[in-house]
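Q: Let me give you the structure first, and then I'll get to my questions.
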Amino acid sequence: MKCVTLFRRDDHCWQAFGQDPEKPDRIIDTNQYMIRSGDSAILLDPGGIEVFPSMLAALTREIPVEHVKALFISHQDPDIGSSLPLWRRVCQPDIDIYISWLWESFASHFDRDAVFTTIPDEGLEVALSPSLRLRFLPAHYLHSSGNFNVYDPQARILFSGDIGAALIPRDRPADSLFVTDFNRHIGYMEGFHRRWMPSPPARDAWIAQVSKLDIDILAPQHGLIFKGDDVKRFLDWFATLEIGSGIAAMNR
Ligand SMILES: [Fe+2]
Ligand SMILES: [Fe+2]
Numbered sequence: 001m002k003c004v005t006l007f008r009r010d011d012h013c014w015q016a017f018g019q020d021p022e023k024p025d026r027i028i029d030t031n032q033y034m035i036r037s038g039d040s041a042i043l044l045d046p047g048g049i050e051v052f053p054s055m056l057a058a059l060t061r062e063i064p065v066e067h068v069k070a071l072f073i074s075h076q077d078p079d080i081g082s083s084l085p086l087w088r089r090v091c092q093p094d095i096d097i098y099i100s101w102l103w104e105s106f107a108s109h110f111d112r113d114a115v116f117t118t119i120p121d122e123g124l125e126v127a128l129s130p131s132l133r134l135r136f137l138p139a140h141y142l143h144s145s146g147n148f149n150v151y152d153p154q155a156r157i158l159f160s161g162d163i164g165a166a167l168i169p170r171d172r173p174a175d176s177l178f179v180t181d182f183n184r185h186i187g188y189m190e191g192f193h194r195r196w197m198p199s200p201p202a203r204d205a206w207i208a209q210v211s212k213l214d215i216d217i218l219a220p221q222h223g224l225i226f227k228g229d230d231v232k233r234f235l236d237w238f239a240t241l242e243i244g245s246g247i248a249a250m251n252r
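Note that the UniProt record's numbering numbers the sequence shown so that position 184 is 184, with each residue one more than the last.
This is how it looks when you write it as C-alpha cells:
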C-alpha cells in the first residue's frame, strides 16, 4: 500500500494510505488517512476488513501502533469501518472511536463490544493533542444520513469522505495520489456523484459551509486528492451537478 505525506510541520503530520496493489479486484479502492500530533494519531475511515493487513503493515512502517489513540468513522459503510474489531485488537483498550450518534447501534454489528463516542448532528471539536484541535463537520446526506468530514485548520486539509470520491479505471491506474488533470478526472467522479449523492439542498448547504474554510487540500475516501486550485474547481463542479440519478428509476 502506498503512503504519501500530505502535510508536515514539526510533529504535526497528515499521511494518506491507498492504491494497494495487494487489494482483491472486487473490492472498491479506498484511501485511509492518518493525522499525527506528537505521539497521538487518529485514523480517518480506517478501512474495510480486507485491507486491514496491508494497512496495518503500512502504518507500522510509520509509527508504533500504540500511538493510534482514536478512530474516526465518517459513516456506516463497510469499506470504512468493518476493520473496527481488528483495530481494537491491536490498539490500546481506551482508544476513542468517533461516529455519528445515528449509526452507533448499526456500527455495533461490526463489533458489538466497541464503545463509541457519538458525534451530535452539529459536529464536534476534539483535541488530538494539546497543540492540535480537529473539527468534525456535518456532511449529512452526502451520501449517508449521518455523515461527517474532518477539518484541520492548521494543516488546512479537509477530509471529505465520499464527497469528491472517484473510481479510477483498473486499466488506467493513476501514477499519483493527486488529481493532475481535473477535466479528465471529472469522468472518474461524475457517475459516482450523480448516483450516490441524493440531495441538492444538502449539497448546497455543505458547499456554503466549506467555502468559508481555508482549504489547501481536499482529501476524499476514494480516488485522487485535490490540492490548490483543484479544490475550488471541485466545489464549482459539484455545485451545479445534477444529482440523485437513482430517482429516475421510480418515475417510469
Ligand atoms: Fe459511503
Ligand atoms: Fe466510500
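Heads up, the beta-carbon is just placed ideally off N, CA and C, and yes, glycines get one too. These numbers come from a predicted model, not from an experiment.
1) Quick check on Thr-180: does DSSP put it in helix, strand or coil?
2) Can you list, in chain order, the residues of its chain with a C-beta nearer than 8 Å to that of residue 253? Leave out the 5 residues immediately preceding and following it.
3) Cα-Cα, which of Ser-37, Gly-146, Asp-10 is closest to Glu-122?
4) What does DSSP give as the partner residues of residue 255 in its beta bridges?
5) With respect to 7 Å, is the separation between the Cβ of Arg-140 and the closest non-hydrogen atom of ligand 2 below this value?
6) Would you say Ala-16 and Ala-219 are within 8 Å of each other, going by their C-beta atoms?
7) Tell me whether Ile-80, by its Cβ, gets closer than 7 Å to a heavy atom of ligand 2.
8) List the whole-angstrom C-beta distance separating residue 305 from His-222, where the pair is believed to meet the contact cut-off of C-beta under 8 Å.
9) Going by DSSP, what residue range makes up the alpha helix (DSSP H) through Met-55?
10) Just confirm the distance between the C-beta atoms of Tyr-151 and Leu-137, as a whole number of angstroms; I'd bet it's less than 8 Å.
11) Fully enclosed by the segment 97–137, which beta strand (DSSP E) runs are 3 residues long or longer?
12) Counting Cβ pairs, one atom from each stretch, are 3 or more of them under 8 Å apart for the segment 151–171 and the segment 206–218?
13) With Ala-16 as the anchor, note down where its beta strand (DSSP E) starts and where it stops.
14) For Ile-119, which residues of its own chain have a beta-carbon under 7 Å away from its beta-carbon, when the five flanking residues on both sides are left out?
15) Where does Pro-85 sit, in a helix, a strand or coil, going by DSSP?
A: The short version:
1) Position 180 of the sequence shown holds residue 180. Secondary structure of Thr-180 (DSSP, three-state): coil.
2) This structure cannot settle anything about residue 253, because the visible part of the chain is limited to 1 through 252.
3) The sequence position of residue 122 within the sequence shown is 122, counting from 1. The candidate whose alpha carbon is nearest that of Glu-122 is Gly-146.
4) Only positions 1 to 252 of the chain appear in this structure, which leaves residue 255 out of reach.
5) The residue given as residue 140 occupies position 140 in the sequence shown. The sequence given here has His at residue 140, not Arg. For His-140, the distance from the CB to the nearest heavy atom of ligand 2 is not below 7 Å.
6) Taking the sequence shown and counting its residues from 1, the one referred to as residue 16 is at position 16. Taking the sequence shown and counting its residues from 1, the one referred to as residue 219 is at position 219. Yes, they are a contact pair.
7) As a position in the sequence shown, residue 80 is number 80, starting the count at 1. Inclusion of Ile-80 in the 7 Å shell around ligand 2 follows from its C-beta lying nearer than that to a non-hydrogen atom of the ligand.
8) Only positions 1 to 252 of the chain appear in the structure, and residue 305 is not among them; the question remains open.
9) As a position in the sequence shown, residue 55 is number 55, starting the count at 1. Segment 52–60, the alpha helix (DSSP H) holding Met-55.
10) Residue mapping note: residue 151 aligns to position 151 of the sequence shown, counting from 1. Residue mapping note: residue 137 aligns to position 137 of the sequence shown, counting from 1. Yes, Tyr-151 and Leu-137 are in contact; Cβ-Cβ is about 5 Å, under 8 Å.
11) Whole beta strand (DSSP E) segments, 3+ residues: 117–119, 124–129.
12) With a cut-off of 8 Å, the segment 206–218 and the segment 151–171 count as touching, because enough Cβ pairs lie within range.
13) Position 16 of the sequence shown, counted from the first residue, corresponds to residue 16. Segment 12–18, the beta strand (DSSP E) holding Ala-16.
14) By one-based count along the sequence shown, residue 119 stands at place 119. Counting only Cβ-Cβ distances below 7 Å, and skipping sequence neighbours, we find Tyr-98, Ile-99, Ser-100, Trp-101, Phe-136, Phe-148.
15) Taking the first residue of the sequence shown as 1, we reach residue 85 at position 85. Pro-85 falls in the helix class under three-state DSSP.
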